[in-house]
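Student: Going by this note's numbering, the sequence shown opens with residue 404, and the numbers climb by one from there. A virtual CB, placed ideally from N, CA and C, is assigned to each residue, including glycine.
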Amino acid sequence: MTLEPGPDVEALCSIAQAEEMELLRSMYSEAELSFGCSASDHEALQPSCFTIGLVFDNESVNIEFRLPRDYPYIDFPAVFVRGSEAFHKDRINSDIREWIHQQQLGVPLVTEIISWLDQNLEKYRVNRSGSCDETSNSCEPACSGESARYYILSHHLRSPVKRTNIVQLARELHLCGFSTPGKPAVIVVEGKLSECEEFWKSVKSWTWKKISLRHTEILHSIDDRRFSEFSEIPPNPSGTPMGNVKRLLVNAKLEDKFSLLYGL
Numbered sequence: 404m405t406l407e408p409g410p411d412v413e414a415l416c417s418i419a420q421a422e423e424m425e426l427l428r429s430m431y432s433e434a435e436l437s438f439g440c441s442a443s444d445h446e447a448l449q450p451s452c453f454t455i456g457l458v459f460d461n462e463s464v465n466i467e468f469r470l471p472r473d474y475p476y477i478d479f480p481a482v483f484v485r486g487s488e489a490f491h492k493d494r495i496n497s498d499i500r501e502w503i504h505q506q507q508l509g510v511p512l513v514t515e516i517i518s519w520l521d522q523n524l525e526k527y528r529v530n531r532s533g534s535c536d537e538t539s540n541s542c543e544p545a546c547s548g549e550s551a552r553y554y555i556l557s558h559h560l561r562s563p564v565k566r567t568n569i570v571q572l573a574r575e576l577h578l579c580g581f582s583t584p585g586k587p588a589v590i591v592v593e594g595k596l597s598e599c600e601e602f603w604k605s606v607k608s609w610t611w612k613k614i615s616l617r618h619t620e621i622l623h624s625i626d627d628r629r630f631s632e633f634s635e636i637p638p639n640p641s642g643t644p645m646g647n648v649k650r651l652l653v654n655a656k657l658e659d660k661f662s663l664l665y666g667l
């Protein structure tokens with residue numbers, strides 16, 4: 404039976420998540436299981452965001468889970484593997500996201516994800532054979548695949564934690580672009596389509612007064628790329644937030660997207 408989003412499903416998801424949290428508390432010590440992730444000051448207090456720190460093959464690995472409100476019946480968890488430099492974490496994160504989205508909705512997945520890592524982590528060791536090498540802070544796509552550009556508009560962006568973690572998340576996913584704190588705030592990311600989707604899925608799950616994906620573009624060649632890195636653009640004291648965004652878009656030869664962003 405297919406479930407549709409709504410209050411009843413949210414209640415079912417809340418119960419399922421609470422039961423899964425109880426199971427995890429029985430399986431892992433306080434040193435291994437910690438609640439709160441790198442999303443925002445508010446999300447850090449929510450049990451739907453937590454990290455499990457484990458040792459695989461004598462290497463310490465932190466697995467960060469972010470459970471959407473509609474998990475496990477409508478949506479999948481977002482997972483980020485961090486920690487030891489002994490593994491190609493970009494490849495791990497990309498492959499585990501693909502595996503997660505092949506699983507059946509309606510069942511708990513956290514322990515299954517940990518089991519997948521236990522069985523597969525060894526093949527992601529640095530210096531082992533593979534078709535895709537990790538480049539730590541490059542926003543160039545590490546492997547071939549369809550690319551995209553996402554334009555995101557938020558009512559405001561002031562939280563230092565959110566601002567820092569937007570930059571961190573974009574760089575972890577090898578995305579280029581910029582964010583502009585203030586009111587309103589704009590985030591533009593470009594890179595692999597799957598990573599843009601993951602970025603948006605993660606960011607929109609944080610607590611916002613209002614945030615929306617205003618426009619998406621499919622990039623057909625490397626020549627369509629407009630940015631070489633991801634960075635936060637500080638406010639210009641002599642200009643307005645919208646004026647600063649327009650300047651950035653003009654410089655990137657994307658001035659026609661200004662009206663799409665703001666609905667003008």
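Identify, in the order they occur along the chain, each residue of the same chain with its Cβ nearer than 6 Å to the Cβ of K649, setting aside the five sequence neighbours on each side.
Tutor: Hits under 6 Å: F661.
Student: Indicate the three-state DSSP secondary structure (helix, strand or coil) for A434 in the structure shown.
Tutor: Correct three-state label for A434: coil.
Student: Terminal residues of the continuous beta strand (DSSP E) containing Y553?
Tutor: Note, Y553: beta strand (DSSP E), S550 to S557.
Student: Roughly how many whole angstroms lie between the Cα atoms of F483 and F468?
Tutor: Whole-angstrom Cα-Cα distance: 7 Å.
Student: Reducing DSSP to helix, strand and coil, say where S463 ends up.
Tutor: If DSSP states are grouped into helix, strand and coil, S463 belongs with the strands.
Student: In the DSSP output, which residue or residues are listed as bridge partners for K595?
Tutor: Answer is S550, bridged to K595.
Student: Mark V510 as exposed unless 16 or more other C-beta atoms lie within 10 angstroms of its C-beta, in which case mark it buried.
Tutor: Classification for V510: exposed.
Student: State the Cα-Cα distance for the pair P638 and S432, rounded to the nearest angstrom.
Tutor: Rounded to whole angstroms, P638 to S432 spans 44 Å at the Cα level.
Student: On the criterion of 16 or more Cβ atoms from any shown chain inside 10 Å, does A414 qualify as buried, or is it exposed?
Tutor: Label assigned to A414: exposed.
Student: Pull up the distance between the alpha-carbon of S429 and that of T619, whole angstroms please.
Tutor: One C-alpha to the other measures close to 43 Å.
Student: Shortest alpha-carbon distance to S487 belongs to which of Q522, D498 and R528?
Tutor: Here the closest residue by C-alpha is R528.
Student: Tell me the rounded alpha-carbon separation between L622 and S550.
Tutor: Those two C-alpha atoms are separated by around 5 Å.
Student: In terms of residue numbering, what span does the alpha helix (DSSP H) encompassing G486 cover?
Tutor: From DSSP, G486 is part of no alpha helix (DSSP H) but of the beta strand (DSSP E) over A481 to G486.
Student: Whose C-alpha, out of K586, N568, R566 and E593, is nearest the C-alpha of L578?
Tutor: Checking every option, the nearest Cα to that of L578 belongs to E593.
Student: Tell me which residue opens and which closes the beta strand (DSSP E) that L616 is part of.
Tutor: Start and end: I614 to L622.
Student: Counting Cβ pairs closer than 8 Å, one from the segment 567 to 583 and one from the segment 610 to 619, do we hit at least three?
Tutor: Result no; under three Cβ-Cβ pairs closer than 8 Å.
Student: Please tell me whether V570 has its Cβ less than 8 Å away from any Cβ of chain D.
Tutor: The chain inventory of the structure shown lacks chain D, comprising one protein chain alone.
Student: When the Cα of W349 is compared with those of V591, I516 and D627, which residue comes out closest?
Tutor: The first residue shown for the chain is 404 and the last is 667, placing residue 349 beyond what the model contains.
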